[in-house]
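Everything below concerns the one structure shown next.
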Amino acid sequence: MAPVIRPRRLRTTQAMRRLVAQNTIRSADLVLPMFVADGIDDPRPIESMPGVVQHTLDSLRKAADEAVRAGVGGLMLFGVPDAGDKDAVGSGADDPDGILNRGLRVLADDLGDSTVLMADTCLDEFTDHGHCGVLSDDGRVDNDATLDRYVSMSLAQARAGAQLLGPSGMMDGQVAAIRAALDAEGLTDTGILAYSAKYASAFYGPFREAVGSSLAGDRRTYQQDGSNRTEALREVRLDLDEGADIVMVKPAMSYLDIVRDVAEISDVPVAAYQISGEYSMITAAAERGWIDRDAAILESLTSIKRAGASIILTYWAAEVAAALA
Ligand code: PBG
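Counting with the working numbering, you get residues 352 to 676 for the letters of the sequence shown.
The following block contains the structure:
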């Protein structure tokens with residue numbers, strides 16, 4: 352009888368498993384998304400994301416400093432304006448005194464080149480209708496009119512100190528428009544982390560609370576349909592041609608096959624976003640004692656890395672980076 356072939360030999364001890372581990376998380380892989388809100392005196396907890404808050408400018412500075420000390424690879428900032436300051440075109444987005452640009456400025460001043468400061472380049476937090484772009488008369492999101500707004504927003508964010516801009520609205524041509532505008536203004540060192548393959552997802556639910564979203568409908572006319580695989584490659588190729596410095600897939604968990612597909616064709620780094628719903632599900636199950644929280648977090652992050660992302664946006668970035676140190 353043929354001898355038994357024994358793969359289990361490489362699993363016998365923790366030291367052996369460590370020796371042969373192919374995919375491990377580094378602190379620098381992890382980017383922490385953060386929310387800064389206008390008009391609040393104390394950090395405001397986000398109920399559906401226990402442990403995540405909307406920051407004041409002061410608490411933002413402190414938490415960002417802690418995250419950078421813990422070793423995270425970067426910070427991704429979202430702004431939450433006062434509900435009364437929202438309007439149809441999202442004027443707060445490109446106002447240098449809008450909350451997101453103020454947040455970027457204080458973090459850029461505090462942190463300098465010790466981290467990579469990123470900004471969400473999208474209108475949805477700033478529009479009263481909650482869409483990622485401006486609307487045409489028939490109520491649909493107007494792609495090309497939105498590009499003009501993204502350009503203006505991008506220049507404001509770059510001038511406020513963002514080193515990477517994250518256009519997340521899935522408008523056609525957004526990377527090319529932003530790249531051309533940055534270059535024309537001499538902002539050639541400002542990079543673009545393109546949300547290239549972003550799917551319409553039920554798992555964004557808790558984020559809508561996180562940013563106090565006003566959205567009534569959905570984003571299915573601009574975000575991708577979860578039925579489709581090759582469309583993601585088309586989107587990524589376009590963004591690469593348009594000058595994206597990093598391409599991203601979002602969400603992560605339900606789209607790990609897409610992360611792998613993209614990793615196979617991309618010659619720039621690939622990022623994936625472990626979104627709010629992914630955070631909330633693990634948090635909720637762990638609160639009930641149904642899963643081992645820390646093990647589930649590490650397993651989820653490792654699966655994203657194994658799928659092919661070298662950069663992971665996760666609300667656990669600071670905690671995991673500290674634990675890895
Ligand atoms: C749009 C944007 C969204 C997220 C990041 N950027 C929301 C959406 O597309 O509806 C979601 C992040 C998350 O769910 O954690 N500005």
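The beta carbon of each residue, even a glycine, is placed where N, CA and C say it ideally should be. Quantities reported herein were computed from a predicted structural model and do not represent experimental measurements.
Counted within 10 angstroms of its Cβ, other Cβ atoms place residue i as buried (16 or more) or exposed
| i | result |
| --- | --- |
| residue 390 | exposed |
| residue 646 | exposed |
| residue 374 | exposed |
| residue 370 | exposed |
| residue 438 | exposed |
| residue 504 | buried |
| residue 364 | exposed |
| residue 530 | buried |
| residue 352 | exposed |
| residue 641 | exposed |
For residue i, the residue or residues it bridges with in DSSP
| i | result |
| --- | --- |
| residue 601 | 549 |
| residue 438 | 478 |
| residue 405 | 386, 395 |
| residue 472 | 518 |
| residue 626 | Residue 626 pairs with nothing; no bridge assigned. |
| residue 492 | 486 |
| residue 381 | 663 |
Nearest-angstrom beta carbon gap, residue j and residue i [assumed within contact, 8 Å]
| i | j | result |
| --- | --- | --- |
| residue 619 | residue 591 | 7 Å |
| residue 623 | residue 663 | 6 Å |
| residue 676 | residue 422 | 6 Å |
| residue 403 | residue 462 | That pair is no contact at about 20 Å. |
Residue i CB to nearest heavy atom of the ligand PBG below 7 Å
| i | result |
| --- | --- |
| residue 570 | yes |
| residue 555 | yes |
| residue 397 | no |
| residue 597 | no |
| residue 409 | no |
| residue 565 | no |
| residue 461 | no |
| residue 534 | no |
| residue 627 | yes |
| residue 445 | no |
| residue 475 | yes |
| residue 505 | no |
| residue 471 | yes |
| residue 631 | no |
| residue 519 | yes |
| residue 558 | yes |
Contact the segment 480–491 vs the segment 527–541: 3+ CB pairs below 8 Å:
no
Touch check for the segment 461–472 and the segment 550–560: three-plus C-beta pairs under 8 Å?
no
Measuring CB atoms only, is the segment 574–592 touching the segment 631–646, in the sense that at least three cross pairs come out at less than 8 Å?
no
Would you be able to state if there are at least three C-beta pairs under 8 Å between the segment 415–426 and the segment 473–488?
no
Does the segment 449–465 touch the segment 505–518, meaning 3 or more C-beta pairs lie closer than 8 Å?
yes
The segment 375–383 touching the segment 391–411, judged by at least three CB pairs closer than 8 Å
no
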